[in-house]
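Asker:
In the working numbering, the protein residues as written are 23 to 295.
1) State the Cα-Cα distance for the pair residue 180 and residue 123, rounded to the nearest angstrom.
2) Just to confirm the assignment: which complete beta strand (DSSP E) runs, minimum length 3, are found wholly within the stretch 198-228?
3) Where are the alpha helix (DSSP H) runs, 4 residues long or more, that stay fully inside the stretch 122-162, in chain order?
4) Check each candidate in 114, 126, 111 and 101 and name the one with the smallest Cα separation from residue 290.
5) From the DSSP output, in three-state form, read off residue 170 for me.
6) Measuring alpha carbon to alpha carbon, tell me which of 278, 130 and 111 ends up nearest residue 219.
7) Give the secondary structure of residue 186 by DSSP, where H, G and I count as helix, E and B as strand, and everything else as coil.
8) By Cβ distance, which residues of its chain are closer than 7 Å to residue 143, with the 5 residues on each side in sequence left out?
9) What number of angstroms, rounded off, separates the C-alpha of residue 206 from the C-alpha of residue 200?
10) For residue 264, is the classification buried or exposed, using 16 other Cβ atoms within 10 angstroms of its Cβ as the cut-off for buried?
11) Under 8 Å, do residue 212 and residue 174 count as touching if we go by C-beta distance?
12) Is it buried or exposed, residue 133, if we count other Cβ atoms within 10 angstroms and call 16 or more buried?
13) Hey, how far is the Cα of residue 183 from the Cα of residue 284?
14) Less than 8 Å between the C-beta atoms of residue 109 and residue 216, yes or no?
15) Restricting to Cα atoms, I'd like to know which of 120, 158, 152 and 172 is closest to residue 102.
16) Per DSSP, what kind of secondary structure is residue 194 in: helix, strand or coil?
17) Among the residues of its own chain, which have a CB less than 7 Å from the CB of residue 69, if the five just before and after it don't count?
18) Out of 286, 292 and 281, point me to the one whose CA is closest to residue 113's CA.
19) Report the partner residues of residue 284 according to the DSSP bridge assignment.
20) Taking just the CA atoms, how far does residue 168 sit from residue 47?
21) When you compare only the Cα positions, how much space is there between residue 195 and residue 166?
22) Short check: CB of residue 152 to CB of residue 140, under 8 Å?
23) If you follow the alpha helix (DSSP H) that residue 262 is part of, which residue opens it and which one closes it?
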């Protein structure tokens, strides 16, 4: 049977989570995490120490989630200009972003890199929550991702940004519109188009060359493409209806040739920098 102290901790935690995270979908996600940590019945066997550890983790998460719901720091100066860079795995987002940085002086922000960096920062405000989601293959709450993007923009000293690999799904999109849409100027969405078979081969070659990415294998790639088709393409369609999508064919394996088609979308904005 579950020890009384553990049962009390779990019940208190549930109340704490409901008190701290009442809004905008974060409650549902955290309670889902909470339930997943325990067996279906509270009468199952459970070590008191494990329950105490879970109590500490979820109490910490509820407080940190509450911080993520707080108001964002006011932007100083004009609104920053943002370009979202979207495309399937292996379409060349990182390569083309680097060329755009060199040619046009944009600051490149990768949502994934920011999350991984935050996770590895000692004493991070959100590191524990990020680590939990990365280890379980789930999406980090968009409130946290937006906080990290906002912080990176404000600390960079730049006014023009490429945001790579975000928004990935409707939850990301809704969170961005809620948290950030009135704080930045979205110039357009750069959509890199490339056939799946070309992208897959590029990723496999990258993995063989020692990319260090554990998801550069055929099984993971098929899953990633399914997620991309189901979740990310509808985001492109959403922005396309607003006439904000600019397309570039990246199927050519010469990055410099590809860049010619990418750069033409940025040239009209050079005078605004």
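Cβ atoms here follow ideal geometry from the backbone N, Cα and C, with glycine treated the same way. Model, not experiment: these values are computed from the prediction.
Answerer: According to the structure data:
1) 12 Å
2) 207-215
3) 133-141 and 149-158
4) 126
5) helix
6) Out of 278, 130 and 111, 111 has the C-alpha closest to the C-alpha of residue 219.
7) strand
8) The beta carbon of residue 143 is closer than 7 Å to those of 149 in its chain, skipping five residues each way along the sequence.
9) So the alpha carbons of these two residues sit roughly 12 Å apart.
10) exposed
11) no
12) Buried, because 16 or more other Cβ atoms sit within 10 Å of the Cβ of residue 133.
13) Going from the Cα of residue 183 to the Cα of residue 284 covers about 15 Å.
14) yes
15) 172
16) helix
17) Its pLDDT being 43, under 50, residue 69 is placed unreliably by the model, and nothing is read from it.
18) Its Cα nearest to that of residue 113, the residue 281 stands out among 286, 292 and 281.
19) Paired residue(s): none; residue 284 is not in a bridge.
20) Unreliable positioning characterises residue 47 in this predicted model, as indicated by a pLDDT of 46, which lies under 50. A coordinate reading is not provided.
21) 13 Å
22) Yes, these two residues count as a Cβ contact at 8 Å.
23) 255-262
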